[in-house]
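What follows is one structure encoded as structure tokens, with my remarks underneath.
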Amino acid sequence: MTHGSRTFPHRHLLGLEGLSAASLTQVLDLAETFLELSERPIKKVPTLRGRTVINLFLEASTRTRTSFEIAAKRLSADAVNISGSGSSTSKGESLLDTARNLAAMRPDVVVLRHHASGAAELVARHIDAAIVNAGDGTHEHPTQGLLDASTIRHHKGRIDGLEVAIVGDIEHSRVARSNLHGLTTLGARLRLCAPFTMLPHGIAAVAGERHSQVSVHHRLESALEGADVVMMLRIQRERMGDGPARFPSNREYARQFGLSPRTLAYAKADAIVMHPGPINRGVELDPTVADGGRSVILEQVTRGVAIRMAILYLLGAGSGSAED
Ligand code: NCD
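Residue numbers (the working numbering): 1473 to 1796.
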């Protein structure tokens, strides 16, 4: 299988911030060929044979960890998986020491999930392998942003000019931040919607020069009005610490910000419903919507494998240049 001769001008994938529309599109296009491979009875190609991928997951994960492992295996790379509880970080070893020791074993790619924002960039500055950020604190989750863009492009035929509503705990969501960069770069307009307590002041400025493509809403109905895509987020309690509650109760949150057949009716008739998972059913998403005909949530998961194959290929096959 050939994947074109265009080189990907990045050595790591730390975030979608700063990636050009051309680079984003290159990943999305390549993922389509891997998606097709994943539909075949024999799902393996020898592309990364002899390469080593270490998945270092120091924070909980089901979808992302499994999908990186499957992606590496479908490309015939040797995949090694390390999780927080079974690693020496639970004995007090620092992230950098763990990373340096893993680097001493000469992996080609290290995929890192960590609770601290900036962890992937820190590791990238100190070791030689290509680093893929699989979620760092509340900062970015670039492969999720890419798989979301891939799903949207497939269903809508384009991203440019679409109205995308992202609803929920924006403050703690690295998924929202990656989508903010990725989707605005690809020309979408974003409506960010959350209670006042979960939508940081000035969030639109995160989009930098594309901030005019971002609007902020505190009422679900106004965020959904005429939307092409509705992306719901989980309330990330594990990131809220012991501070005061951000909303009175799950029931109250569901009433004001939950996506139900009633509230979905504000969006366009052909709007798709997305969620990065894990879903808190009955809180941000009514089960009838989660399992309904407009939901593309499981397709997001399928595309996640293809996107991760594309990223491992672009960074792991030795095609990256020295630039970041
Ligand atoms: C997200 C994450 O971990 O940031 N999940 C995922 O990777 N699919 C979102 C979440 O945890 O709510």
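Beta carbons: idealized from backbone N, C-alpha and C, even for Gly.
Spatial distance of residue i from residue j (CA atoms)
i: residue 1644; j: residue 1623; result: 23 Å
i: residue 1490; j: residue 1734; result: 38 Å
i: residue 1543; j: residue 1592; result: 20 Å
i: residue 1474; j: residue 1651; result: Any answer about residue 1474 is weak, because its pLDDT of 46 lies below 50 and its placement is not dependable; what the coordinates show is given next. Each residue's alpha carbon lies about 29 Å from the other.
i: residue 1636; j: residue 1610; result: 20 Å
i: residue 1500; j: residue 1492; result: 13 Å
i: residue 1754; j: residue 1726; result: 7 Å
i: residue 1547; j: residue 1766; result: 32 Å
i: residue 1529; j: residue 1504; result: 26 Å
i: residue 1779; j: residue 1615; result: 7 Å
i: residue 1861; j: residue 1621; result: Absent from the structure is residue 1861, since the part of the chain shown begins at 1473 and ends at 1796.
i: residue 1791; j: residue 1782; result: Below a pLDDT of 50, predicted positions are generally treated as unreliable, and residue 1791, at 43, falls in that range; the measurement from the model is reported next regardless. Their backbone Cα atoms lie some 12 Å apart in a straight line.
i: residue 1588; j: residue 1520; result: 30 Å
Contacting residues, own chain, Cβ-Cβ under 8 Å from residue i (five flanking each side not counted)
i: residue 1774; result: 1507 and 1510
i: residue 1826; result: Residue 1826 lies beyond the range of the chain shown here (1473 to 1796); nothing can be said about it.
i: residue 1677; result: 1683
Residue i CB to nearest heavy atom of the ligand NCD below 7 Å
i: residue 1536; result: yes
i: residue 1533; result: yes
i: residue 1674; result: no
i: residue 1706; result: yes
i: residue 1609; result: no
i: residue 1586; result: no
i: residue 1749; result: yes
i: residue 1775; result: no
i: residue 1653; result: no
i: residue 1690; result: no
i: residue 1498; result: no
i: residue 1647; result: yes
Cut-off 6 Å between Cβ atoms - residues of its own chain near residue i, not counting five sequence neighbours on either side
i: residue 1776; result: 1539 and 1619
i: residue 1571; result: 1595 and 1599
i: residue 1786; result: 1480
Integer-rounded CB distance, given that residue j should sit under 8 Å from residue i
i: residue 1738; j: residue 1693; result: 5 Å
i: residue 1660; j: residue 1696; result: Actually they do not touch by this definition, with Cβ atoms about 15 Å apart.
i: residue 1731; j: residue 1761; result: 5 Å
i: residue 1686; j: residue 1656; result: 7 Å
i: residue 1719; j: residue 1690; result: Actually they are not in contact, since the Cβ atoms of residue 1719 and residue 1690 sit about 12 Å apart, beyond 8 Å.
Neighbourhood of residue i by C-beta, 7 Å cutoff - its chain only, sequence neighbours within 5 removed
i: residue 1596; result: 1484, 1486 and 1603
Range of the contiguous beta strand (DSSP E) that encloses residue i
i: residue 1744; result: 1744-1746
CB contact check: residue i to chain D, cutoff 8 Å
i: residue 1593; result: This model lacks chain D altogether, as it is built from one protein chain only.
Terminal residues of the alpha helix (DSSP H) in which residue i lies
i: residue 1702; result: Looking at the DSSP string, residue 1702 is not in any alpha helix (DSSP H); the run it does join, the beta strand (DSSP E), is 1701-1704.
i: residue 1692; result: 1692-1696
i: residue 1649; result: 1646-1657
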